Structures are given as structure tokens and as C-alpha cells.
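Trainee:
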Amino acid sequence: MPVGQPSPGTPGWSVTISDLARFAPSTTTVAGEPDNIAVVGLPANFLSSAKTETVPGTILGRALTVRFTPVNYTFDYGDGETRTTTTPGTAWDASGQAQFTPTETSHVYTEPGTYTATATVTYTADVDLGAGWIPINGTLNGPPASQQIRVVKAHTALVQGTCTERPDAPGC
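Residue numbering for the sequence shown follows my numbering, starting at 1 and increasing by one per position.
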């Protein structure tokens with residue numbers, strides 16, 4: 001059956017992507033690793049929680065189920081930089097990588113401060129009127145999810161031990 005065409009038993013009835021916008025998933029979150037804190041000059045890892053979701057609904061009196069599948073993730077890091085990718089990001093632990101390792105969704109901040117990072121997910125949609133899934137032409141963006149990211153500077157110094165071990169050492 002052609003995309004966007006009436007389904008069997010529904011003469012003259014079709015669904016467009018704009019008809020489905022009100023059903024778009026709104027439960028997506030965005031998070032920065034580690035713990036929504038970033039260090040100037042080091043990669044902060046970003047993750048979106050978006051996944052394929054099915055949502056029941058009614059259009060023009062017809063019950064249907066809509067399946068939304070994420071296809072793109074646009075991360076806006078709050079400092080003027082954005083990145084669009086096909087991956088929602090993976091936690092460093094889950095990928096076996098050490099913290100501050102660059103990832104497909106990571107970002108390096110150049111200035112300390114508090115930034116609002118957002119993730120906007122682009123979805124494709126399929127509908128089921130009870131006889132199987134019908135793909136719908138086009139894509140739609142879900143509502144952006146946001147998270148405050150605190151960016152700090154890190155200062156290091158070489159020392160001979162901890163302040164507990166050497167309380168009179170410089171910097172203790």
C-alpha cells in the first residue's frame with residue numbers, strides 16, 4: 001500500500017505526519033556525564049533517553065496506534081555549538097570507555113559557567129489501524145529536553161601525598 005494512502009476499508013482516509021504531531025513522545029530527557037558537570041577543555045558526554053515508542057490515539061473518530069522511531073538527535077550544548085547525529089549517545093560505563101573520552105555526542109566547553117543543553121529528537125512515524133503498520137511520509141521533531149550543565153575549571157598540582165598524609169604540604 002502506498003505511504004500516506006487510505007488503508008483498506010477506509011475510503012478517502014489518509015494520515016499525514018502533521019496529523020500525528022500531537023501524539024509525539026514527550027518523555028525524552030537529556031543528561032551530561034559526569035553528573036551534569038563538565039570541565040573546561042575536556043569532553044562532556046551527552047545522552048538522550050529517546051527510544052521507539054508506541055502511542056494509542058484517535059484521529060477523525062478512528063482508533064489507531066502510532067509508532068515513533070528516533071532517527072536523528074540534535075544536541076544544542078548551550079554555548080552556540082550544536083551537533084546532529086543518528087545515535088542517542090552511550091554512557092561511558094556502558095561503552096567501556098573512561099570518563100572524558102570523546103564520543104559521538106560529546107562536547108568540549110571552552111569557558112566556565114552554567115549552560116542549558118538541549119536534545120531535540122527527530123522521529124519517523126508508522127500507524128496501525130488494526131491491520132498492520134503503515135509508514136507515514138516525513139519526520140517530526142519531538143519537544144526539546146533540556147538540562148543545566150555546570151562547567152568548571154580544573155587546576156592541578158603535583159604533590160608528594162594527600163593533605164591527610166602531609167597536612168603541612170603546600171596547598172593543604
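Note that CB positions come from ideal geometry on N, CA and C, so glycine has one too.
The structure presented is a predicted model; accordingly, all values stated were derived computationally and were not measured.
(1) For the alpha helix (DSSP H) containing Ala-38, list its first residue and its last residue.
(2) Closer than 6 Å by C-beta to Thr-120: which residues in its own chain qualify, once you throw out the five before and the five after it? Chain order, please.
(3) Whole angstroms is fine: what's the gap from Ile-17's alpha carbon to Phe-68's?
(4) Please state whether the Cβ-Cβ distance between Thr-28 and Ala-50 is less than 8 Å.
(5) Would you mind reading off the limits of the beta strand (DSSP E) that contains Ala-117?
(6) So, Glu-111 versus Val-159, is the Cβ gap smaller than 8 Å?
(7) Assuming Leu-20 and Ile-136 form a contact by the criterion Cβ under 8 Å, report the distance between their Cβ atoms to the nearest whole angstrom.
(8) If the criterion is Cβ atoms closer than 8 Å, does the pair Ala-117 and Gln-147 meet it?
(9) Val-55 to Pro-102, Cα distance in whole Å?
(10) Quick one: Cα of Ala-44 to Cα of Ser-106, how far?
(11) For Phe-75, which three-state DSSP category applies?
(12) Between the C-alpha atoms of Asp-113 and Ala-91, what's the straight-line distance to the nearest angstrom?
(13) Between Arg-150, Tyr-109, Pro-25 and Ile-37, which has its C-alpha nearest Thr-65's C-alpha?
(14) Measuring only the C-alpha atoms, how far is Thr-52 from Tyr-109?
(15) What three-state label does DSSP hand Ser-48 in the structure shown?
Mentor: In short:
(1) Unbroken run through Ala-38 is the beta strand (DSSP E), 37 to 39; no alpha helix (DSSP H).
(2) So the list reads Thr-74, Asn-141 and Pro-144, once near-sequence residues are dropped.
(3) Computed Cα separation, rounded: 11 Å.
(4) In contact: Thr-28 and Ala-50 (Cβ atoms closer than 8 Å).
(5) For Ala-117, the enclosing beta strand (DSSP E) starts and ends at 113 to 128.
(6) It is not a contact, given that the beta carbons lie outside the stated cut-off.
(7) Between Leu-20 and Ile-136, the beta carbon gap of about 7 Å places them in contact (Cβ cut-off 8 Å).
(8) The Cβ atoms of Ala-117 and Gln-147 sit closer than 8 Å to each other.
(9) Cα-Cα distance, rounded: 35 Å.
(10) Per the coordinates, the alpha-carbon of Ala-44 lies some 5 Å from the alpha-carbon of Ser-106.
(11) Strand at Phe-75.
(12) Contrary to the premise, residue 113 reads as Gly rather than Asp in this sequence. Inter-residue distance for Gly-113 and Ala-91 is about 23 Å (C-alpha atoms, whole angstroms).
(13) Comparing Cα-Cα distances from Thr-65 to each of Arg-150, Tyr-109, Pro-25 and Ile-37, the minimum goes to Pro-25.
(14) Cα to Cα, Thr-52 sits roughly 31 Å from Tyr-109.
(15) Reduced to three states, the DSSP call for Ser-48 is strand.
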